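Here the structure is laid out as C-alpha cells; the discussion comes afterwards.
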Amino acid sequence: MRERLEQLLCVKSIVTILLTVVFSILALRGQISTQQYITIFTVVISFYFGTQHERSSR
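So the sequence shown is numbered by my numbering: it starts at 5 and just counts up by one.
Here is the structure:
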C-alpha cells in the first residue's frame with residue numbers, strides 16, 4: 005500500500021492528474037472544444053501509461 009502511494013505521488017503522476025483536472029474544468033466551462041480536450045487528454049494519458057509500462061518492463 006505504501007509503495008503504491010509513493011508511486012502515485014511521483015512528479016509524473018502529479019502532473020498527469022493536474023493536467024487531467026485542469027483540462028476537464030476548461031472543457032466543462034466551454035473554454036476548449038471537446039475535440040481539443042480529447043486530443044490533449046489522449047496525449048497526456050498515453051505518455052503516462054507508456055512510461056509506466058516501460059518502467060515495469062525493465
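Here a beta-carbon is modelled for each residue, glycine too, at the ideal position from N, C-alpha and C.
Bear in mind that the values here come from a model prediction, so they are computed numbers and not experimental data.
How big is the Cα-Cα spacing for residue i and residue j?
i          : j          : result
residue 23 : residue 45 : 8 Å
residue 40 : residue 50 : 15 Å
residue 18 : residue 33 : 23 Å
residue 25 : residue 38 : 14 Å
residue 8  : residue 52 : 16 Å
residue 47 : residue 28 : 14 Å
Determine whether the Cβ of residue i lies closer than 8 Å to any Cβ atom of chain B.
i          : result
residue 15 : The structure shown has no chain B; it contains just one protein chain.
For the putative contact between residue i and residue j, defined by C-beta atoms under 8 Å, what is the C-beta separation to the nearest angstrom?
i          : j          : result
residue 55 : residue 16 : 7 Å
residue 30 : residue 21 : The pair is not a contact, with the Cβ atoms about 15 Å apart (cut-off 8 Å).
Within a Cβ cutoff of 7 Å, which residues of the same chain sit near residue i, ignoring the five residues on either side of it in sequence?
i         : result
residue 5 : none
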